[in-house]
Amino acid sequence: MSKLQPVRGTRDICGDDARRFSQVVDIFKSVAGRFGFREIATPLFEFSEVFRRTLGETSDVVSKEMYSFIDRGGDEITLRPEYTAGIARAYLSGGMQQEGVVKLYAYGPMFRYERPQKGRYRQFHQLDVEILGAPEPQADVEIIALGQQLLEEMGLASQATLHLNSLGDPESRQAYRVALVAYFDGNKDTLSKDSLARLSRNPLRILDSKDEGDQKLVANAPVMVDYLNETSRDFITSVKRGLDILGIEYTDNPKLVRGLDYYCHTAFEFITNDLGAQGTVIGGGRYDGLIEQMGGPATAGVGWAAGIERLGMLLSDVPEGPRPVALIPLGEAAEEKALKIASQLRKAGRTVDMAFRGKLKKRLSRANKQNARYAIILGENELAKGQAIIRDLDEGSQREVPLEGLLAALPPES
RNA sequence: GCGGGCGUAGCUCAACUGGUUAGAGCACUAGAUUGUGAUUCUAGGGGUUGGGGGUUCAAGUCCCCUCGCUCGCCCCA
Numbered sequence: 000m001s002k003l004q005p006v007r008g009t010r011d012i013c014g015d016d017a018r019r020f021s022q023v024v025d026i027f028k029s030v031a032g033r034f035g036f037r038e039i040a041t042p043l044f045e046f047s048e049v050f051r052r053t054l055g056e057t058s059d060v061v062s063k064e065m066y067s068f069i070d071r072g073g074d075e076i077t078l079r080p081e082y083t084a085g086i087a088r089a090y091l092s093g094g095m096q097q098e099g100v101v102k103l104y105a106y107g108p109m110f111r112y113e114r115p116q117k118g119r120y121r122q123f124h125q126l127d128v129e130i131l132g133a134p135e136p137q138a139d140v141e142i143i144a145l146g147q148q149l150l151e152e153m154g155l156a157s158q159a160t161l162h163l164n165s166l167g168d169p170e171s172r173q174a175y176r177v178a179l180v181a182y183f184d185g186n187k188d189t190l191s192k193d194s195l196a197r198l199s200r201n202p203l204r205i206l207d208s209k210d211e212g213d214q215k216l217v218a219n220a221p222v223m224v225d226y227l228n229e230t231s232r233d234f235i236t237s238v239k240r241g242l243d244i245l246g247i248e249y250t251d252n253p254k255l256v257r258g259l260d261y262y263c264h265t266a267f268e269f270i271t272n273d274l275g276a277q278g279t280v281i282g283g284g285r286y287d288g289l290i291e292q293m294g295g296p297a298t299a300g301v302g303w304a305a306g307i308e309r310l311g312m313l314l315s316d317v318p319e320g321p322r323p324v325a326l327i328p329l330g331e332a333a334e335e336k337a338l339k340i341a342s343q344l345r346k347a348g349r350t351v352d353m354a355f356r357g358k359l360k361k362r363l364s365r366a367n368k369q370n371a372r373y374a375i376i377l378g379e380n381e382l383a384k385g386q387a388i389i390r391d392l393d394e395g396s397q398r399e400v401p402l403e404g405l406l407a408a409l410p411p412e413s
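Reading the first sequence from the start, the letters are residues 0 to 413 in numbering that gives the first Met the number 0.
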C-alpha cells in the first residue's frame, strides 16, 4: 500500500457517513437546545495536566491512550481524549461559578491511541452534555431524560437499554472498595491474571470481567447496595423516582462501573447489542469531586458522552438531501445568462447544480448522477426566443417556458 | 500491548491439487446519437496479485519477514 492513506484509526467521513454524522449532530443540537442547554466548543487540546489530574494516573486513558506532545514553547499538550475535563476547565477559566447552574452541550473529535475495531477509532467523535453546579438528583434525571429523548428522536430507543447503578458518595464507595478488595484478596488464586492487575488498580472493574472464573467469584462478592450510606441511598432513590415519573425504563446493573476515577452516585449507560463488542452508545454519570480535584471550589457535576460514529452506525438509511435542478447552458451567451439564473434560483431557495464544462450529453449525464429531478436547458435557439427547456429527468419529457416565468414554471422541490 | 481472520483493477469478487499472456461484474472513457441523460449495443483505458526475501523448471497459490485492514481481549463512546 502507498503511504497515501489515513493514519490508523482515522478515516474520511464522506457521502453516506457524512449524512449519518450530521443527522446525529442535528438531532442532538435540537434536543439539547430544547432542554435548555447552551453550546460550548472547547479546544481540541489542553495542557496534559488537565487530563492527568482528573482522569487519574492509573486510568487506561492516561496511562496508555493519550496523544501527547511537547509544543514549541516546551509545554506538554494532549489531544483531548474525553470532554468532561476540558469543559470543567472551561467552567473554571471562564468564571462560570458565578452563573449558578450551568447546562452545556458540545460535540466534536476525541483522540485515543487504541487498537481500532468495530465502533472504535483513534479519532472518534462525541456528543456531550454536562450540568455543572447542581448537586440535586433532578439534574441526573434531566441528563438521562435527554439521552432517552435523543435516542427516541433518532429512532433508536428500542435498540438500546438503559443500565443504571449507584457508586455512592465517596464514603460509601470507599467502604465498598475496602470490602471488595478484602474479598478478592482472599480468592487471589482463582482470579484471572487480568483481574489480578485490576485488584490493585481499579478493583470495581473486576465486577464486569468477562472471565468465567471471575464471574463465579463475583456472584458471591459483596454488593454495592449494601454499602451505600443513607445519603447515597436517598440519592439513587430520587433519581429512580424521577425516571419512573417520566416512564423511562431502566435495568439495575450492580456491575456497571465507569472507568474514570471521578464518578460517584449515578452511573449509567445506554447499551445496544447491535454493535459487536462496543455496546455502549451513551455513557455517563455524576462527578461531584472533579472540579475540586482540578483545583476549583467543590462543584457538583453530572453528564454523559455519546459516540457519534456508534449512533450513526445504528441509524437506518439516512435520505439524501433535496434533489438539485441541473442548469445546462450551451454556448457562451447562455453560460452568462445561466450564471444569473442559477443565482436567482438559489436565492429563491432552490438547490442548483451547474457543471463547469461539457457538452449537452455530458451535462445531462452529470445531472443524472447528481440525482437531479429537473434539468433546465438553455441553448442558443432557446435564448434567442427568450425561452428555456425544462426537462423532467424522471419522466423523460420536456417543455419550453419563457425565461421570465422560469421559477414559477419549475415544479416545487421534491 | 496480546490473540484470530484477511490483503488480486477505483469498488465487489474469480483463478482446479503450484502450470502458458491474472479474469468478470460494477464504475470510468469513447462511439452508435454534430442539441438530449437514465435504458441498449460496441470498443477502450486501468494490475510491479500490499512490500521484501526464500523454495521450485515454474509462485496470486507454498515458507519466512514486514506493512496494512478487520474482528476480539484490555478499556471505552
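Yeah, the Cβ is synthetic: ideal placement off N, Cα and C, and Gly gets one too.
Small disclaimer: the values here were computed from a predicted structure and weren't measured.
{"Asked": "Identity of the residue in D188, L227, S199 and D233 nearest I216 by Cα", "Found": "Going by the sequence as given, residue 216 is Leu instead of Ile. Selected option, being the one with the closest Cα: D188."}
{"Asked": "Whole-angstrom distance between M153 and I26, CA atom to CA atom", "Found": "7 Å"}
{"Asked": "Exposure label - K102; buried when at least 16 CB within 10 Å", "Found": "buried"}
{"Asked": "Within 8 Å, strictly: CB atoms of T53 and Y182", "Found": "no"}
{"Asked": "Where R372 falls, given that 16 or more other Cβ within 10 Å makes a residue buried", "Found": "buried"}
{"Asked": "Residues that DSSP places opposite M153 in a beta bridge", "Found": "M153 is not bridged to any residue."}
{"Asked": "As assigned by DSSP and simplified to three states, the class of D393", "Found": "coil"}
{"Asked": "Cβ shell of S194 (< 7 Å), same chain only, five flanking positions each side left out", "Found": "I205, S208, D210 and D213"}
{"Asked": "Beta-ladder partner(s) of L284, from DSSP", "Found": "It should be pointed out that residue 284 corresponds to Gly in this sequence rather than to Leu. According to DSSP, which records beta bridges pairwise, G284 is partnered with A266 and G302."}
{"Asked": "Straight-line gap, L313 to L150 (C-alpha atoms, nearest Å)", "Found": "10 Å"}
{"Asked": "Beta strand (DSSP E) segment containing P108, residue limits", "Found": "V101 to F110"}
{"Asked": "Where R19 falls: helix, strand or coil (DSSP)", "Found": "helix"}
{"Asked": "Among G132, S67 and D251, nearest to G99 - alpha-carbon criterion", "Found": "G132"}
{"Asked": "R309 - partner residues in DSSP beta bridges", "Found": "Answer is none; R309 lacks a bridge partner."}
{"Asked": "Rounded straight-line distance, which links the Cα of S191 to that of C263", "Found": "27 Å"}
{"Asked": "P410 CB to nearest heavy atom of the ligand MG below 7 Å", "Found": "Only the bare structure without any ligand can be found here, which leaves the ligand MG out of the picture."}
{"Asked": "Of the residues R390, A407 and G330, the one placed nearest E379, counting alpha carbons only", "Found": "G330"}
{"Asked": "S58 in three-state terms, based on DSSP", "Found": "coil"}
{"Asked": "8 Å contact criterion, which V280 and R18 should meet: CB distance rounded", "Found": "With 8 Å as the limit, V280 and R18 do not qualify as a contact, their Cβ atoms being about 19 Å apart."}
{"Asked": "Cβ pair Y66, I307 closer than 8 Å", "Found": "no"}
{"Asked": "Integer Cβ distance of L289 from A87, believed to fall under 8 Å", "Found": "6 Å"}
{"Asked": "Beta-carbon gap between N186 and P253 smaller than 8 Å", "Found": "no"}
{"Asked": "C-beta atoms of I130 and V301 nearer than 8 Å", "Found": "yes"}
{"Asked": "Assigned secondary structure, V317 (DSSP; H/G/I helix, E/B strand, else coil)", "Found": "coil"}
{"Asked": "Distance CB(L406)-CB(A347) smaller than 8 Å", "Found": "yes"}
{"Asked": "Beta-carbon proximity check, L255 vs G55, cutoff 8 Å", "Found": "no"}
{"Asked": "Candidates E229, G295, V61 and R51: closest to A89 by CA position", "Found": "G295"}
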